[in-house]
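Visitor: Each residue of the sequence shown is one higher than the one before, starting from 24 at the first, in the working numbering. Below are the structure tokens for one structure; questions will follow.
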Amino acid sequence: MANDIQIRRDKTKARIRGRVSGTPERPRLTIYKSLKRIYVQAVDDTKGITLASASSLEKDLRASLKNGANIEAAKAVGASIAARLKEKGITAVVFDRNGYVYHGRVKALADSAREAGLQF
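Spelled out as structure tokens, the structure:
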């Protein structure tokens with residue numbers, strides 16, 4: 024059963040990546056969520072580099088969060104990545120949900136980044 028879920032997610036991820044690509048002006052904002060943490064990074068696919076990243080593993084976020092994998096953590100990580108991208112002069116991104124359903128932690132992270140000033 025768990026293997027079927029992973030296979031389905033991998034197929035969805037491949038389909039999304041075929042359509043979504045990041046540029047220096049509008050990088051791809053991709054997420055990864057584990058059972059204990061949530062990670063996000065802004066990627067320029069033309070050069071293959073990461074422009075900025077944030078996660079619930081960082082010291083300043085870990086100190087303020089009780090749990091690193093809940094919706095509150097996703098909101099904090101979304102606000103953090105938005106602040107870092109705005110410092111670099113980037114205001115627009117392409118959202119890559121990485122095969123995850125747009126619900127719960129994924130939606131909370133996206134909404135928080137939007138509220139902090141990023142355009143999707």
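In this text, a Cβ means the ideal position worked out from N, Cα and C, and glycines have one as well. Predicted, not measured: the structure shown is a model, and the values here were computed from it.
Quick one: measure Cβ to Cβ for R42 and V66, integer angstroms, because I've assumed they're closer than 8 Å.
Guide: With a Cβ gap of about 15 Å, R42 and V66 do not count as contacting.
Visitor: Just tell me which of R107, K70, E95, K82 has its CA closest to the CA of V129.
Guide: With distances taken between Cα atoms, V129 lies closest to E95.
Visitor: Check T114 in the structure and name its three-state DSSP category.
Guide: T114 falls in the coil class under three-state DSSP.
Visitor: Once DSSP output is grouped into helix, strand and coil, what is the label at D68?
Guide: Looking at D68 - three-state DSSP - the assignment turns out to be coil, as it is neither helix nor strand.
Visitor: Apart from the five residues just before and just after N90, which ones in its own chain have a Cβ nearer than 8 Å to its Cβ?
Guide: Within the same chain, N90 has close Cβ partners A96.
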